[in-house]
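Protein chains: 2
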Amino acid sequence: MDAALRLLEDQSLSSLGLREVTRAVGVAPAAFYRHFRDLSDLGVALVEESLGSLHHMINAVLAGQEGDEERIEAAVDAVAEHVRRYPAHIRFIARERHGGVRAVREAIAAELDRFADEVATAFCPQLPAESWPPEDVRMLAELYVDHMVMTATAFLEAQADHPGAAEERKVAATARKQLLLISLGRHHWHDE
Amino acid sequence: MDAALRLLEDQSLSSLGLREVTRAVGVAPAAFYRHFRDLSDLGVALVEESLGSLHHMINAVLAGQEGDEERIEAAVDAVAEHVRRYPAHIRFIARERHGGVRAVREAIAAELDRFADEVATAFCPQLPAESWPPEDVRMLAELYVDHMVMTATAFLEAQADHPGAAEERKVAATARKQLLLISLGRHHWHDE
DNA sequence: AAATTCAGCGAACGGCTGTTTACTGAATGA
DNA sequence: TCATTCAGTAAACAGCCGTTCGCTGAATTT
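Shown next as structure tokens:
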């Protein structure tokens with residue numbers, strides 16, 4: 002799986018060859034079948050590995066009980082740190098989220114749906130129930146999850162194009178402002 | 002290009018074969034080289050075709066001088082209609098935006114940057130200049146562009162999973178609410 | 001009318017692909 | 001201790017891949 006992740010840094014899963022993977026590991030092609038049925042099978046395994054670590058990070062941020070701006074700061078920093086530590090994982094997710102392998106796409110979509118559930122239940126107690134019906138909470142959670150993915154890929158491109166930290170700081174500043182803007186909207190939701 | 006777009010509906014560009022394209026057209030493999038140097042060359046041509054039509058649509062919506070909610074309605078409807086009309090185009094963009102072919106990724110990023118420029122200049126006259134420095138206008142424009150792409154791919158998945166119009170209406174409702182929330186945040190930007 | 005560009009042709013090139021087969025030796029468990 | 005699972009092997013299979021070559025006929029230009 003590590004070898005595959007490395008190869009997937011500059012190609013997509015649907016063009017990855019089985020032999021290519023075994024060659025990178027230093028193993029006979031047939032040995033692949035001892036571990037995976039398919040390349041798409043390997044793909045869904047990589048989805049679980051890649052989104053598992055992100056999952057822990059998200060929960061940690063969600064558990065913090067700070068105010069709006071502190072939480073935004075913590076979330077953006079956590080995403081930045083995660084991207085710095087596991088760039089290949091999140092590159093894989095960004096690439097295959099709409100990629101050519103159906104099973105992998107569906108695995109990612111299901112996992113991101115679970116993320117949205119958790120964000121929704123984390124935000125629910127903080128929102129006045131009379132102006133936040135469940136479907137509105139859900140739409141807010143989806144906005145947050147999509148924005149997180151968006152921000153993560155922006156960090157990725159920043160560190161790919163420009164190893165220096167300048168571009169990275171610009172991405173962080175933009176992400177913070179966008180989250181602040183969403184927070185403002187959230188506070189004025191349904192108050193005419 | 003039409004044949005390639007058709008083949009790319011269920012695979013990504015980096016796994017598309019030159020012979021595969023020529024076979025779909027009914028032409029000898031060597032004929033490909035009369036039109037494109039590479040498959041990535043074909044890719045950037047497809048980017049221009051795909052984002053060109055979207056471009057016109059966006060400008061039409063931006064030119065409309067209605068109020069907030071009317072503009073949101075018009076924008077979401079226009080995106081929905083566009084996805085219905087050119088699903089393969091926008092699927093291609095979603096897939097290759099973070100795909101395995103560098104040149105294509107860069108072409109898409111450059112084009113979306115131009116989109117953000119246009120959104121920024123369209124919104125600029127409506128925003129009080131004292132609370133909206135240029136970089137804040139830019140971050141707003143990027144949020145809108147990313148949300149548009151996000152919404153378009155959501156429509157795509159809705160019509161792929163469920164040919165009926167029910168799922169599609171749900172996506173539209175969510176997108177409208179998210180844009181409304183962003184509008185609220187925009188109106189309360191920097192007013193403590 | 002002659003010359004030139006153009007798009008396409010068939011054939012060939014070495015090289016890489018996924019998958020199956022039967023076999024091997026080490027680790028594991030009863 | 002003996003049987004079984006486990007991970008890996010080499011070899012072979014047919015088939016597809018991108019690319020190059022010289023040639024052809026139509027369209028276009030001069």
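Protein chains in written order, with my numbering: chain A, 2 to 193; chain B, 2 to 193. Beta carbons: idealized from backbone N, C-alpha and C, even for Gly.
### Task
Return no unless some Cβ of chain A is closer than 8 Å to the Cβ of B/Ala76.
no
### Query
Using a C-beta to C-beta distance shorter than 7 Å, which residues of chain A count as neighbours of B/Arg24?
In chain order: nothing, as chain A lies at least about 18 Å away.
### Task
Kindly indicate which residue of B/Ala167, B/Phe156 and B/His191 has the alpha-carbon position closest to the one of B/Val77.
B/Phe156
### Message
Check for me: the alpha helix (DSSP H) holding B/Gln179 runs from which residue to which?
### Response
Ala167 to His188
### Buried versus exposed call for B/Ser51 [16 or more other C-beta atoms within 10 Å across all chains shown]
buried
### Message
Could you check whether the Cβ of B/Asp11 sits closer than 8 Å to any Cβ belonging to chain A?
### Response
yes
#### Entry: Alpha-carbon to alpha-carbon, B/Ala123 and A/Asp137
29 Å
### Query
For a contact meaning CB atoms closer than 8 Å, what does A/Ile183 contact in chain B?
Leu182, Ile183 and Gly186
### Task
Taking A/Ser13 and B/Ser13 to be in contact with their CB atoms under 8 Å, please state how far apart those CB atoms are, rounded to whole angstroms.
5 Å
### Task
Evaluate A/Glu10 with the Cβ neighbour count: other Cβ atoms within 10 Å of its Cβ, from every protein chain shown; 16 or more gives buried, anything less gives exposed.
exposed
### Query
Which residues in the same chain as B/Val84 place their Cβ atom closer than 8 Å to its Cβ, once the five residues preceding and following it in sequence are excluded?
Ile91, Ala153, Phe156, Leu157 and Gln160
### Query
In chain B, what lies closer than 7 Å to A/His99 by C-beta?
Ala95, Arg96 and Thr154
#### Entry: Minimum Cβ-Cβ distance from B/His189 to chain A less than 8 Å
yes
### Query
Counting Cβ pairs, one atom from each stretch, are 3 or more of them under 8 Å apart for the segment 166-183 of chain A and the segment 54-66 of chain A?
no
### Task
Taking 8 Å as the cut-off, decide whether the C-beta atoms of B/Leu19 and B/Phe93 are in contact.
no
### Touching by the beta-carbon criterion (3+ pairs, under 8 Å), the segment 172-184 of chain B and the segment 127-146 of chain A
yes
### Query
For B/Ala130, which of B/Glu143, B/His191 and B/Arg98 has the nearest alpha-carbon?
B/His191
### Task
Starting from the beta carbon of A/Thr122, find every residue of chain B whose beta carbon is closer than 9 Å, and list them in chain order.
Near A/Thr122 there are no residues of chain B at all, since even the closest Cβ is about 18 Å away, more than 9 Å.
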